[in-house]
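Here is the structure we will look at, set down as C-alpha cells.
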Amino acid sequence: MSDTRTQIIEASIELFAESGFWNTPTSKIVQNAEISTGTLFNYFKSKNGLIDEVFLQLQQELTAAIAEGYPETGTVKERVEHIWFRYITWGVRFPVRYRLLQQLKMSDFVSSDARERSWYEWSFASTLIPEAIETGLYRDVSVKFVVQLAFAQRDAATDYAIASQLADTALTKHITRSFEIYWAGITS
Numbered sequence: 088m089s090d091t092r093t094q095i096i097e098a099s100i101e102l103f104a105e106s107g108f109w110n111t112p113t114s115k116i117v118q119n120a121e122i123s124t125g126t127l128f129n130y131f132k133s134k135n136g137l138i139d140e141v142f143l144q145l146q147q148e149l150t151a152a153i154a155e156g157y158p159e160t161g162t163v164k165e166r167v168e169h170i171w172f173r174y175i176t177w178g179v180r181f182p183v184r185y186r187l188l189q190q191l192k193m194s195d196f197v198s199s200d201a202r203e204r205s206w207y208e209w210s211f212a213s214t215l216i217p218e219a220i221e222t223g224l225y226r227d228v229s230v231k232f233v234v235q236l237a238f239a240q241r242d243a244a245t246d247y248a249i250a251s252q253l254a255d256t257a258l259t260k261h262i263t264r265s266f267e268i269y270w271a272g273i274t275s
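Numbering (our numbering), first residue to last: 88 to 275.
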C-alpha cells in the first residue's frame, strides 16, 4: 500500500472513530491527511469506496492477528480457541479500531462486495465450523447460526474486557472463561 493511500486510510480511521463515518465530510479527511481533494479521489472513487477500504483494512488487520500462529493441524477446539484468544486480544489492544470495525459491520454503508471480499481473508478457517458440525462435535445447527453465535459471544467478551480495562492475568482469565462458556454451549 502506498504511503499516501495509508495516510488517507489512517486519517479516515481516526475521523470515522471520532465523528462517525456517516458524519465525516471528505473535506475533513483531506485536511487531516494533509492532501488535496484531487489526491483523495485519485485513490478512492467515492467516500463509499473509502469506507469499504477502511472496513477491509480493519478486517485484514484483525485477520492477520488471528492467522498468526494459527494451529492448522490442531484439534477443532485448539483452532477455535486460538481464534477466540486472538480476536479478543486484538480488540483490547486496538479498542478504537475494534469499535469502528463493529460499527462498519453493522452499517449499510459497507458494500456487499467489500463484505464478501473480507470473508476471503478467513479462508484459513473456512472449514472449521462445517467440520465441527459434520463430526458431531458441535450441536446440529446451521453454520450461519454458529458463526453469528460465535461473533456475538466474542464481541460481548471483547466489549467487557475493554470496558473493564482488563490486562495481563485478568484478561487471560476472562478470555479463558468466556471461551469455556461458548464451548460448553455449542458442543454436543
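Even for Gly, the Cβ is constructed at its ideal location relative to N, Cα and C.
Extent of the continuous alpha helix (DSSP H) run through residue i
{"i": "Gly-125", "result": "124-130"}
{"i": "Gln-118", "result": "113-120"}
{"i": "Gly-178", "result": "163-180"}
{"i": "Pro-344", "result": "Only positions 88 to 275 of the chain appear in this structure, which leaves residue 344 out of reach."}
{"i": "Phe-238", "result": "230-250"}
{"i": "Asp-227", "result": "Asp-227 -> no alpha helix (DSSP H), and no H or E assigned at all."}
{"i": "Ser-133", "result": "It is not in any alpha helix (DSSP H) - Ser-133 carries neither H nor E in the DSSP assignment."}
{"i": "Leu-253", "result": "Unbroken run through Leu-253: none, as it is neither H nor E."}
{"i": "Glu-155", "result": "Run containing Glu-155: none; DSSP gives neither H nor E here."}
{"i": "Phe-103", "result": "90-106"}
Reference residue i; option with closest CA among the options
{"i": "Ala-219", "options": "Gly-161, Ile-116, Ala-154, Phe-172", "result": "Gly-161"}
{"i": "Pro-158", "options": "His-169, Phe-232, Ala-152", "result": "His-169"}
{"i": "Leu-215", "options": "Ala-201, Lys-231, Glu-203", "result": "Lys-231"}
{"i": "Gln-94", "options": "Trp-171, Glu-121, Gln-235, Asp-200", "result": "Glu-121"}
{"i": "Ala-104", "options": "Ile-175, Leu-224, Ser-89, Phe-181", "result": "Phe-181"}
{"i": "Ala-151", "options": "Arg-173, Ser-133, Gly-136, Lys-260", "result": "Arg-173"}
{"i": "Thr-259", "options": "Trp-171, Asn-119, Gly-136", "result": "Trp-171"}
{"i": "Phe-108", "options": "Phe-128, Leu-137, Asp-90", "result": "Leu-137"}
{"i": "Tyr-130", "options": "Ile-116, Arg-92, Val-117", "result": "Arg-92"}
Local Cβ density within 10 Å of residue i, reported as buried at 16 or more and exposed below that
{"i": "Thr-111", "result": "buried"}
{"i": "Tyr-207", "result": "exposed"}
{"i": "Val-197", "result": "buried"}
{"i": "Ser-123", "result": "exposed"}
{"i": "Val-183", "result": "exposed"}
{"i": "Gly-125", "result": "exposed"}
{"i": "Asp-139", "result": "buried"}
{"i": "Ala-244", "result": "buried"}
{"i": "Gly-178", "result": "buried"}
{"i": "Ala-257", "result": "exposed"}
{"i": "Tyr-185", "result": "buried"}
{"i": "Ala-201", "result": "buried"}
{"i": "Ala-248", "result": "buried"}
Under 8 Å between C-beta atoms of residue i and residue j
{"i": "Ser-99", "j": "Val-167", "result": "no"}
{"i": "Gln-189", "j": "Asp-242", "result": "yes"}
{"i": "Leu-145", "j": "Leu-187", "result": "yes"}
{"i": "Leu-149", "j": "Arg-204", "result": "no"}
{"i": "Phe-211", "j": "Ala-154", "result": "yes"}
{"i": "Ser-275", "j": "Leu-224", "result": "yes"}
{"i": "Ile-96", "j": "Ile-175", "result": "no"}
{"i": "Ile-268", "j": "Val-233", "result": "no"}
{"i": "Thr-113", "j": "Lys-134", "result": "yes"}
{"i": "Lys-192", "j": "Trp-270", "result": "no"}
3 or more residues per run - each beta strand (DSSP E) lying fully within the stretch 185-214
none
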